[in-house]
Amino acid sequence: MPELPEVETVRRGLTRLVVGRTVQGTAVRWEKTVDGLSPEEFDAELAGRRIETIDRRGKYLLFRFSGGMTMVSHLRMEGAYYTVPAGTEPGKHDLVTFHLDGGIDLLYRDTRKFGRMKLVPDAEALQVAGLAKIGPEPTESTLSLAYMVAEFGKSRMHVKPFLLDQSHIAGLGNIYVDETLWQSKIHPLTPANKLSEAELAVLRDNIITELARATEHHGTTVHSFTTAFGEAGEFQNELQVYGRVGEPCLRCGHPLEKMKVAQRGTTFCPVCQVEKD
DNA sequence: GATGATACCTGTTCGC
DNA sequence: TGCGAACAGGTATCAT
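Residue numbers for the first sequence follow the working numbering, so the first one is 28 and each next one is one higher.
See the structure below:
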């Protein structure tokens, strides 16, 4: 399930594979994937356009095409891009094909069909729903402690769903929220506004460090995620809580437990991560 | 306005 | 073995 490190890994791979190539045509096999356009309209808009650059904002990919057109793509749960020789028969879950020059097809695969791509003029790209109100990128220079103190202080929401809400901080998903809360010894049900500045400083450091480490490892492969080169990420070997229910906490040895928080499976250590309200 | 619940999807796992 | 139910989860949208 792609979170920021996985999406950044995809962006880097795609940049090497398809930037500079021109779209000769497209084939859409699941209409809902191309938000707001019919397959024919999608094809007519993209045919003849060159892929200039691929940017990322949070978990969104921004394909910048010639002629001032941007395709905003969100992989959601299991979306993935990969390239194959032109003419390769698409598989059952390959929902969109981009026929590129140079004898290459770029395929978008998404078993659960949750992913969406939307075509908009460049100037409107950052106004697309979801992107418009996205929070700062979790890096040393863009996510300040002062911002976190102010933002967290405004909400009584449990910290877990608060962190999953992309309007507060961009790029975190279920896996890295569980990881960084455990590292920070913060209980998932702690109200956001009950976290002290010291706790937020620790949480901030862990978020920034964890996402940077995961990106270095090409992301986490939990189910079907692979890079644009068809490789699996390696960060799942580094996970300390996610997927380790019942196994001993790596800090205190107590078995990790699982509960539902805001409809999300949440793994935590009931000893290290003490609840307070 | 803030927060919570649900829909969207299908492959996998689990219990009977 | 075979079947159906539960589960996984990011975001948009609707409900409270």
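Even for Gly, the Cβ is constructed at its ideal location relative to N, Cα and C. Predicted, not measured: the structure shown is a model, and the values here were computed from it.
- [ ] Pick out whichever of Ser65, Ala113, Asp128, Val155 has its Cα sitting closest to the Cα of Thr97.
- [x] Val155
- [ ] Could you tell me the distance, in whole angstroms, from the CA atom of Leu238 to the CA atom of Thr169?
- [x] 14 Å
Task: Residue range of the unbroken beta strand (DSSP E) whose run includes Tyr109 - done: 107-112
Task: Nearest-angstrom Cα separation, counted from Tyr203 out to Ala150 - done: 31 Å
Open item on the list: Quick check: Val111 and Val147, are their CB atoms within less than 8 Å of each other?
Closed with: no
Task: Closest residue to Leu230 among Lys140, Val298, Tyr269, Asp205 (Cα-Cα distance) - done: Asp205
TODO: Within 10 angstroms of the Cβ of Glu224, are there 16 or more other Cβ atoms? Answer buried if so, exposed if not.
DONE: exposed
Task: Glu302 burial status per 10 Å Cβ neighbour count (16 or more: buried) - done: exposed
Task: Presumed contact (8 Å Cβ cut-off) between Thr294 and Lys285, rounded CB distance - done: 5 Å
- [ ] Tell me whether Thr253 sits in a helix, a strand or coil according to DSSP, three-state version.
- [x] Any reading at Thr253 must be qualified, since the residue scores a pLDDT of 46, below 50, and its modelled position is unreliable; no value is offered.
Task: Close Cβ partners of Leu227 (< 7 Å) along its chain, the five nearest in sequence each way excluded - done: Leu172, Met175, Val176, Phe179
- [ ] Could you check the C-alpha separation between Ala219 and Phe92 for me, to the nearest Å?
- [x] 40 Å
Open item on the list: Tell me whether Phe69, by its Cβ, gets closer than 7 Å to a heavy atom of the ligand NAP.
Closed with: The ligand content of the structure shown is nil, which means the ligand NAP is not present either.
TODO: Could you round the C-beta distance between Gly85 and Leu31 to whole angstroms and report it? I think they count as a contact, below 8 Å.
DONE: 7 Å
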